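Numbers 82 to 134, taken from our numbering, label the letters of the sequence shown in order.
Beneath this line is the structure, given in structure tokens, with notes to follow.
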Amino acid sequence: MGEVLAVLSGKGGTGKTSVCAALATALAEAGKRVLSIDCDVGLRNLDISLGMS
């Protein structure tokens with residue numbers, strides 16, 4: 082069974098996306114399977130942080 086990690090804050094600009102991207106990268110490099118979902122519909126940035134288009 083997998084684990085769920087949530088990165089959240091009620092305030093903008095607190096580094097949620099940066100923490101999520103760094104955490105996902107570190108886990109993937111450690112051989113873990115990772116799925117990251119950015120639920121901020123209006124200001125999503127996770128794809129940009131991970132270099133996706």
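Glycine included, each C-beta is placed from N, C-alpha and C at the ideal position.
Keep in mind the model is a prediction, meaning the values are calculated, not measured.
Self-check item: L124 beta carbon less than 9 Å from that of S117
Solution: The Cβ-Cβ distance between S117 and L124 does not fall below 9 Å.
Quiz item: Under a Cβ-count criterion, where at least 16 other Cβ atoms within 10 Å of its own Cβ denotes burial, should T95 be classed as buried or exposed?
Solution: With a threshold of 16 other beta carbon atoms within 10 Å, T95 falls short and is exposed.
Quiz item: A107: buried (16+ other C-beta within 10 angstroms of its C-beta) or exposed?
Solution: Exposed is the label assigned to A107, since fewer than 16 other Cβ atoms lie within 10 Å of its Cβ.
Quiz prompt | Element boundaries [alpha helix (DSSP H), containing L89] | solution = For L89, no alpha helix (DSSP H) segment is defined, and its DSSP state is neither H nor E.
Quiz item: How many angstroms separate the CA atom of S130 from the CA atom of A103?
Solution: Between the C-alpha atoms of S130 and A103 there is a straight-line separation of about 9 Å.
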